[in-house]
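A.B. asks: Before anything else, here's the structure in question.
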Amino acid sequence: MLLAVVVVTPGTARRVDDHARFTLTAAGEIEGPLLARINRTRRAHDLRPLRPAKGLVRAAEDHARSMARNGYFSHSSPDGASVKSRIRRYYPASTVGETLLWQTGDLSAAQALEMWLGSPGHRAILLGPSFRDVGLAAIRVTGAPGAFRGLDVTILVAEFGTR
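For reference, each letter of the sequence shown is one residue, going 357 to 519 in the numbering used here.
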């Protein structure tokens with residue numbers, strides 16, 4: 357299992373929570389372009405492209421929402437659930453990986469990929485030859501609590517898996 361985290365501080369969105377401050381960006385705004393960029397990078401390294409997997413998308417969305425609501429930034433959930441156990445709720449994984457990122461303000465696919473590729477841990481996950489599937493979720497939070505210190509942030513979760 358591989359894990360990596362990036363924290364950086366200084367479109368169209370749909371509500372995903374009954375609290376007005378939580379929004380999930382539309383799939384085409386960050387997630388679609390990010391997946392395209394990841395796959396171009398993987399092809400440049402003679403690796404298979406990743407396929408979006410609904411179960412991994414759900415796992416990514418749930419973890420992003422949990423961090424946004426509860427004000428934490430971690431691979432572990434507040435209830436102690438590990439990455440592997442969280443992902444397996446939605447996707448029957450034999451191998452998993454997770455990358456996390458948060459940044460104040462907006463975040464583009466190009467920025468996210470550049471930050472992840474600049475980190476050896478993230479790069480290892482993005483270019484992991486065993487991974488076949490991916491789920492991406494980006495959440496924009498206004499006045500994010502806890503670890504986010506009331507800032508307006510974008511939280512990005514990428515779940516990687518192989519069945």
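The C-beta atom is built at its ideal place from N, Cα and C for all residues, glycine as well. All of these numbers come straight from a predicted model, not from anything done at the bench.
Could you tell me the alpha carbon to alpha carbon distance between Glu-417 and Gly-436, rounded to whole angstroms?
C.D. replies: In the sequence shown, residue 417 corresponds to position 61, counting from 1. In the sequence shown, residue 436 corresponds to position 80, counting from 1. Cα to Cα, the separation comes out at about 18 angstroms.
A.B. asks: Need the endpoints of the beta strand (DSSP E) that Asp-489 sits in, please.
C.D. replies: For the purposes of this step, residue 489 is taken as the residue at position 133 of the sequence shown. It spans 489-497 - the beta strand (DSSP E) in which Asp-489 sits, taken as one unbroken run.
A.B. asks: According to DSSP, is Pro-346 helix, strand or coil?
C.D. replies: The structure shown does not extend to residue 346, since the chain spans only 357 to 519, so no value can be given for it.
A.B. asks: Between which residues of its own chain and Arg-442 is the CB-CB distance below 7 angstroms, once the five residues before and five after are set aside?
C.D. replies: Position 86 of the sequence shown holds residue 442. These residues qualify, in order along the chain: Ala-415, His-419, Ser-433.
A.B. asks: Quick one: residues in its chain with C-beta nearer than 7 angstroms to the C-beta of Ser-450, no 5 flanking neighbours on either side, listed in chain order?
C.D. replies: In the sequence shown, the residue the question calls residue 450 occupies position 94. Correct list, in chain order: Thr-518, Arg-519.
A.B. asks: Could you work out which residue in His-478, Ala-466, Gln-459, Ile-481 is closest to Ile-495 when comparing CA atoms only?
C.D. replies: Position 139 of the sequence shown, counting from 1, holds the residue named residue 495. When each option's Cα is compared against that of Ile-495, the closest is Gln-459.
A.B. asks: Are the C-beta atoms of Glu-515 and some chain B residue less than 8 angstroms apart?
C.D. replies: Chain labels in this structure do not include chain B; a single protein chain is all it has.
A.B. asks: Mind the definition here: the region 486-495 touches the region 395-410 only if three or more C-beta pairs lie below 8 angstroms; say whether that holds.
C.D. replies: Yes, they touch.
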